[in-house]
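Structure, as structure tokens:
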Amino acid sequence: MKSYNRIFLLIIITLFYTFQVACAQIQQKTPDKKDSFSFVFMTDVHIQPERHAVEGVLQAIDTINKIEPDFVLTGGDNVMDASSQSLGRADSLYSLFTNTMKVLKMPWYSTFGNHETFGLHKKDFTSEQRKGMYKKYFEKTYYTFEHKGWQFIVLDAIMYGDGREDRYYGQIDSVQMDWMKSVFDTIGTEKPVIVSLHIPILSVGDQIEKNGFTPRSVIRRGNAMELIRLFEAHNVKAVLQGHLHMYEDISFNGIHYITAGAVCGGWWEARLPGKEREEGFLLVNINGDEFTSEYIDYGWDVEE
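Positions -24 to -1, 1 to 280 (mature numbering (1 follows the signal peptide of the UniProt record, and there is no 0)) are the ones given, in order, by the sequence shown.
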């Protein structure tokens, strides 16, 4: 009788072990749902009360809500232009944008763009003052957050000066560079990363159209290479960019530099030439450590 008990016990143990191994194999073959998600990158909204812009933004938001991404990240130039406006007008644009975005059914994050600057032409304004209105609404111009195993780094690419106090140019300053290096030191070299900034690091379309670059169209060359080398030393999968109102996806040394079109197209008043200029936003799908993206034309028609 005792021998039967031992045999029975051995059978139970064997079955339990086999079950555990099978479960482990299934988990390895089937990605955890937590590893899969999507988000939307919508840049250059340029909201304003004129030109049916609010109607257009709401149409884009309606499309996004139907897609049901985990969150939305804007790419800068959320408002039409605060840089040369009165305090009242600039503040009303910020208020219009944040109130309109409340229609989104998911969380959203913001990137600082050149048109969020207030008082660009006020020569006595410091950089801190020019970015003060943005910080009033969004607190920080650069920050990082984590979502389902991916790290997102949002940068402030707008600097001022360049010999003229009423000019801006694209650069990531030394303070942000040091901060970003500390973020990378914390997360290591294995965690997948997506970076967002307004002024592009790389662009082919802009170079072709303008027969070269200007300091206000892309990040300055020396600074751009510093960023590229830093990204290549870590697991940066994509850099999401705005500013140029065109869609392009450049793969360079294993990193995608995606200029994600513009929600407003031609600032809500003109149809810009080329399919890459359609009003739209970027949908990014994450699966494990990999991603795919597509540009979504949400169907807005400009009144000619």
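Every residue gets a Cβ at the ideal spot worked out from N, C-alpha and C, and that includes glycine. The model shown is predicted, which means the values in this text are computed figures rather than measured ones.
- Three or more Cβ pairs closer than 8 Å define a contact, and the segment 242 to 258 falls short of that threshold against the segment 81 to 94.
- As summarised for the segment 150 to 179, the continuous alpha helix (DSSP H) elements at least 4 residues long and confined to that stretch are 150 to 163, given in chain order.
- Put simply, of Phe160, Trp155, Ile148, Phe17 the residue whose alpha carbon is nearest the alpha carbon of Arg192 is Ile148.
- Shortest Cα-Cα distance from Leu173 to any of Phe160, Ile184, Leu203 involves Leu203.
- By the C-beta density criterion, Ser62 is exposed, having fewer than 16 other C-beta atoms within 10 angstroms.
- Boundaries around Asn261 are those of the beta strand (DSSP E), 256 to 263, since no alpha helix (DSSP H) includes it.
- Excluding residues up to 5 positions away in sequence, Trp243, Trp244, Glu245 lie with their Cβ nearer than 8 Å to the Cβ of Arg27 in the same chain.
- Secondary structure note for Ser269: its beta strand (DSSP E) is the uninterrupted segment 266 to 273.
- Tyr144 is a Cβ neighbour of Ile134, given a cutoff of 8 Å.
- Remark: three or more beta-carbon pairs, one from each stretch, lie closer than 8 Å, so the segment 207 to 225 and the segment 156 to 173 are flagged as touching.
- With distances taken between CA atoms, Arg106 lies nearest to Asp132 out of His123, Gln127, Trp84, Asp132.
- Its Cα nearest to that of Gly125, the residue Val169 stands out among Tyr85, Tyr274, Ser158, Val169.
- Here Met18 is near Thr50, since their CB atoms are less than 8 Å apart.
- A distance below 8 Å between beta-carbons, with the five flanking residues on each side excluded, links Gly32 to the following residues of its chain, in chain order: Val239, Cys240, Trp244, Glu255, Trp276.
- For the pair Val48 and Phe73, the CB atoms are not nearer than the 8 Å cut-off.
- Taken in chain order, the whole beta strand (DSSP E) runs of length 3 or more contained in the segment 6 to 56 are 12 to 18, 47 to 50.
- Apart from the 5 residues on each side of it in sequence, Gly181 sits with its Cβ closer than 8 Å to the Cβ of Leu220, Met222, Glu224, Thr235, Glu252 in its chain, given in chain order.
- Val194 sits buried, since 16 or more C-beta atoms from the chains shown fall within 10 Å of its C-beta.
- The beta carbon of Pro83 sits closer than 6 Å to those of Phe47, all from its chain and outside the five residues before and after it, given in chain order.
- Here Leu216 carries a strand assignment [DSSP, helix/strand/coil].
- When DSSP assignments are scanned along the segment 62 to 145, the uninterrupted stretches of alpha helix (DSSP H) that are 4 or more residues long and fall wholly within it turn out to be 63 to 77, 103 to 106, 108 to 114.
- In the structure shown, Asp182 adopts helical secondary structure according to DSSP, grouped into three states.
- The beta carbons of Ile226 and Val212 sit no closer together than 8 Å.
- Collapsing the DSSP output to three states places Gly242 in a strand.
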